[in-house]
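Student: Chains as they are written, first to last, in the working numbering: chain D, 659 to 917; chain X, 47 to 244.
Quick reminder that beta carbons are idealized off the backbone N, C-alpha and C, glycines included.
(1) Which residue marks the beginning of the alpha helix (DSSP H) containing residue 219(X), and which one marks its end?
(2) Can you give me the start and stop residues for the alpha helix (DSSP H) that residue 843(D) sits inside?
(3) Would you call the segment 689 to 702 of chain D and the segment 152 to 160 of chain X in contact, with 3 or more CB pairs under 8 Å?
(4) Spatial neighbours of residue 815(D) within its chain, please: CB distance less than 7 Å, with the 5 preceding and 5 following residues excluded, ordered by chain position.
(5) Measuring only between beta-carbons, confirm whether residue 221(X) sits less than 8 Å from chain D.
(6) Report yes if the C-beta distance between residue 124(X) and residue 70(X) is below 8 Å; otherwise report no.
(7) Tell me the DSSP secondary structure of residue 86(X) in three-state form.
(8) Below 8 Å between beta carbons: does that hold for residue 672(D) and residue 900(D)?
(9) Is the shortest distance between the beta-carbon of residue 199(X) and the beta-carbons of chain D less than 8 Å?
(10) Could you spell out where the alpha helix (DSSP H) holding residue 138(X) opens and where it closes?
(11) Can you check whether the CB of residue 679(D) is closer than 8 Å to the CB of residue 894(D)?
(12) Excluding the five sequence neighbours on either side, which residues of its own chain have a C-beta within less than 7 Å of the C-beta of residue 788(D), listed in chain order?
(13) How far does the alpha helix (DSSP H) with residue 103(X) in it reach, from first residue to last?
(14) By the DSSP assignment, the alpha helix (DSSP H) with residue 699(D) in it spans what residues?
(15) From this set, 195(X), 151(X), 73(X), 67(X), which residue's C-alpha is nearest residue 118(X)'s C-alpha?
(16) What is the rounded straight-line gap between the Cα of residue 185(X) and the Cα of residue 134(X)?
(17) Output the residue ranges of the alpha helix (DSSP H) runs that lie fully inside the segment 778 to 824 of chain D and measure 4 residues or longer, sorted by chain position.
(18) From the beta carbon of residue 915(D), is the nearest beta carbon of chain X less than 8 Å away?
(19) Distance, Cα to Cα, residue 116(X) vs residue 194(X)?
(20) Since residue 704(D) and residue 661(D) should fall inside the 8 Å C-beta cutoff, what is the C-beta to C-beta distance between them, to a whole number of angstroms?
(21) Under a three-way DSSP split, which group does residue 230(X) fall into?
(22) Where does residue 869(D) sit, in a helix, a strand or coil, going by DSSP?
(23) Let's see if you can read the secondary structure: which residues bound the alpha helix (DSSP H) around residue 205(X)?
(24) Please give the ranges of any alpha helix (DSSP H) in the segment 870 to 909 of chain D, keeping only runs that are unbroken, at least 4 residues long and fully inside the region.
(25) By the 10 Å Cβ neighbour count, where 16 or more other Cβ atoms means buried, how is residue 871(D) classified, buried or exposed?
(26) What residue does the alpha helix (DSSP H) around residue 223(X) start on, and which one ends it?
(27) From the beta carbon of residue 172(X), is the nearest beta carbon of chain D less than 8 Å away?
(28) Note down, in chain order, each residue of its chain lying with its Cβ closer than 8 Å to the Cβ of residue 197(X), except the 5 sequence neighbours on either side.
(29) Residue 766(D): which of 785(D), 801(D), 681(D), 844(D) sits nearest, CA to CA?
(30) Residues in the same chain with beta-carbon distance under 8 Å from residue 904(D), minus the five sequence neighbours each way, listed in chain order, please.
(31) Count the C-beta pairs between the segment 85 to 100 of chain X and the segment 872 to 888 of chain D that are closer than 8 Å, then say yes if the count reaches three, no if not.
(32) Return no unless some Cβ of chain D is closer than 8 Å to the Cβ of residue 202(X).
(33) Rounded to whole angstroms, what's the CA-CA distance from residue 838(D) to residue 72(X)? Just pull it up for me.
(34) Applying the 10 Å Cβ sphere with the 16-neighbour rule, what's the burial state of residue 156(X)?
(35) Check distances from the C-beta atoms of the segment 109 to 132 of chain X to those of chain D and list, in chain order, the residues that come in under 8 Å.
Next up, the structure:
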């Protein structure tokens with residue numbers, strides 16, 4: 659059984675619900691356990707190589723560190739907490755340290771869940787599933803697919819514009835106003851070209867009989883089975899079990915009931 | 047909502063979303079640098095850029111749903127081309143889009159003057175901040191810092207989404223590429239305020 663085989667919409671729903679549930683907890687252990695299980699599932703059932711995974715994951719380690727730093731420096735000290743260290747107006751309590759750590763861990767656990775989705779789902783299948791399971795209007799779904807196909811064309815056009823500027827000897831932007839002018843020099847022709855292409859594409863689609871009717875047939879059918887719901891239930895259970903284990907060892911925190 | 051849209055408008059909307067999804071991804075890198083230097087508030091400085099497609103799409107297409115859909119699609123495309131924030135980002139996009147859409151809805155999608163565009167950018171700031179408060183645990187930060195973050199984001203939404211979005215849309219209209227949209231006709235007639243030079 660591979661993670662690629664599950665229904666993309668349900669996979670996305672699972673990730674979003676897990677993220678929402680994880681946001682209730684303010685202790686570092688719950689997100690850490692979820693992160694460990696999710697990463698393991700990605701390697702074993704997603705056949706994702708560790709190298710590829712860590713390449714995408716590592717920027718978020720940096721983000722998590724800064725997050726912890728921000729949460730420590732600008733922490734909210736609550737009376738009656740154990741003070742670890744004071745320096746001028748700066749007070750570090752044990753509880754705020756734990757909260758900071760939990761926010762950093764939270765970033766990482768969210769990332770692991772997202773990578774599980776992204777590394778095992780094809781964009782086109784996700785859109786087909788959104789159309790077939792979530793009633794996304796075909797007009798919009800095929801519009802997005804057409805737009806998605808424009809990406810390489812836009813890249814090509816960007817290179818052309820850059821080369822054209824170079825040949826004509828446009829100097830490198832240094833000051834802020836020059837940078838803004840440079841932004842406009844690129845953005846406006848790129849967008850104008852893209853919009854003209856979009857209008858031509860729409861005309862071509864309509865001339866081939868695309869009406870955007872909801873009652874259309876699909877060549878590539880995407881279905882939902884009990885296995886997909888089992889996948890959903892499994893990951894919600896992972897988050898809840900992580901919270902349970904955290905509670906067993908006395909770490910669980912729900913932000914003291916205050917928001 | 048989409049039944050009243052022409053296919054042409056839907057595809058233009060998607061293409062705008064694709065272009066700005068790339069811009070958004072580039073700005074994530076830029077945001078990370080500011081974030082590294084200034085901490086969490088670094089993001090808020092440039093947060094407005096992530097609402098710009100709402101303003102541009104609404105200003106060009108002028109139909110209910112343009113602000114909301116463009117932001118949502120841009121987020122979805124960002125996920126597809128590799129923002130590791132993942133499917134949660136689509137939810138963030140929806141929430142940002144709702145903020146701008148609510149402002150346009152309050153004018154019954156009839157008024158696209160500068161102040162409305164600025165208010166729409168600020169609307170996204172407000173909804174995205176409420177969402178961030180929950181999802182990123184701002185509750186753990188001191189109230190003064192959170193308030194500062196909020197105001198920085200509000201100003202960023204007004205300038206980088208509202209004003210920059212208006213300026214880009216009008217520069218675009220001047221090329222003639224938008225001649226079949228209301229904004230293109232406005233520019234042609236010279237009705238729009240001409241504070242901007244082409």
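Tutor: Taking the definition as stated:
(1) Indexing the second chain from 1 puts residue 219(X) at position 173. 210 to 220 is the extent of the alpha helix (DSSP H) around residue 219(X).
(2) The residue labelled residue 843(D) in the question sits at position 185 within the first chain. Its alpha helix (DSSP H) spans residues 834 to 865.
(3) no
(4) Your numbering for residue 815(D) matches position 157 in the first chain. Excluding positions up to five away in sequence, the list reads 848, 851.
(5) Indexing the second chain from 1 puts residue 221(X) at position 175. Chain D, which has a Cβ nearer than 8 Å to the Cβ of residue 221(X), makes this yes.
(6) The residue labelled residue 124(X) in the question sits at position 78 within the second chain. The residue labelled residue 70(X) in the question sits at position 24 within the second chain. For residue 124(X) and residue 70(X), yes; Cβs fall inside 8 Å.
(7) As a working mapping, residue 86(X) is identified with position 40 in the second chain. Three-state DSSP puts residue 86(X) in coil, outside helix and strand.
(8) Working through the first chain from its first residue, we reach residue 672(D) at position 14. Working through the first chain from its first residue, we reach residue 900(D) at position 242. Contact flag unset, no.
(9) Residue mapping note: residue 199(X) aligns to position 153 of the second chain, counting from 1. No, no contact with chain D.
(10) If you number the second chain from 1, residue 138(X) lands on position 92. Residue 138(X) -> alpha helix (DSSP H) spans 134 to 152.
(11) What you label residue 894(D) is simply residue 236 of the first chain in a count that begins at 1. What you label residue 679(D) is simply residue 21 of the first chain in a count that begins at 1. Contact: yes.
(12) As a working mapping, residue 788(D) is identified with position 130 in the first chain. Closer than 7 Å at Cβ, skipping near neighbours: 667, 794, 799.
(13) For the purposes of this step, residue 103(X) is identified with residue 57 of the second chain, where counting begins at 1. For residue 103(X), the enclosing alpha helix (DSSP H) covers residues 98 to 107.
(14) Position 41 of the first chain, counted from the start, is the residue given in the question as residue 699(D). Note, residue 699(D): alpha helix (DSSP H), 687 to 704.
(15) Within the second chain, the letter at position 72 stands for residue 118(X). Measuring from the Cα of residue 118(X), the nearest candidate turns out to be 67(X).
(16) The residue labelled residue 185(X) in the question sits at position 139 within the second chain. The residue labelled residue 134(X) in the question sits at position 88 within the second chain. Looking at the two C-alpha atoms, the distance is approximately 20 Å.
(17) Here the runs fully enclosed are 781 to 791.
(18) Within the first chain, numbered from 1, the residue matching residue 915(D) stands at position 257. With a pLDDT of only 48 at residue 915(D), under 50, the local geometry of the prediction cannot be trusted, and no value is derived from it.
(19) For the purposes of this step, residue 116(X) is taken as the residue at position 70 of the second chain. For the purposes of this step, residue 194(X) is taken as the residue at position 148 of the second chain. Their backbone Cα atoms lie some 29 Å apart in a straight line.
(20) Taking the first chain and counting its residues from 1, one reaches residue 704(D) at position 46. Taking the first chain and counting its residues from 1, one reaches residue 661(D) at position 3. So it is a contact: roughly 4 Å between Cβ atoms.
(21) As a first step, residue 230(X) is located in the second chain; it is residue number 184 there, counting from the start. Residue 230(X) falls in the helix class under three-state DSSP.
(22) Position 211 of the first chain, counted from the start, is the residue given in the question as residue 869(D). If DSSP states are grouped into helix, strand and coil, residue 869(D) belongs with coil.
(23) The sequence position of residue 205(X) within the second chain is 159, counting from 1. It is not in any alpha helix (DSSP H) - residue 205(X) carries neither H nor E in the DSSP assignment.
(24) 884 to 906
(25) Position 213 of the first chain, counting from 1, holds the residue named residue 871(D). Exposed.
(26) One-based indexing of the second chain puts residue 223(X) at position 177. Residue 223(X) -> no alpha helix (DSSP H), and no H or E assigned at all.
(27) For the purposes of this step, residue 172(X) is identified with residue 126 of the second chain, where counting begins at 1. By this cut-off, residue 172(X) is not an interface position.
(28) Residue mapping note: residue 197(X) aligns to position 151 of the second chain, counting from 1. Correct list: empty, nothing qualifies.
(29) If you number the first chain from 1, residue 766(D) lands on position 108. Minimum Cα distance to residue 766(D) is reached at 681(D).
(30) Here the question's residue 904(D) lines up with position 246 in the first chain. Closer than 8 Å at Cβ, skipping near neighbours: 683, 685, 687, 688, 691, 910.
(31) no
(32) Along the second chain, one-based indexing puts residue 202(X) at 156. So, not an interface residue.
(33) Mapped onto the first chain, residue 838(D) falls at position 180. Mapped onto the second chain, residue 72(X) falls at position 26. One C-alpha to the other measures close to 16 Å.
(34) Sequence index remark: in the second chain, residue 156(X) carries index 110 (1-based). Exposed, since its Cβ has fewer than 16 Cβ neighbours within 10 Å.
(35) 115, 119, 122, 123, 125, 126, 127, 128, 130, 131, 132
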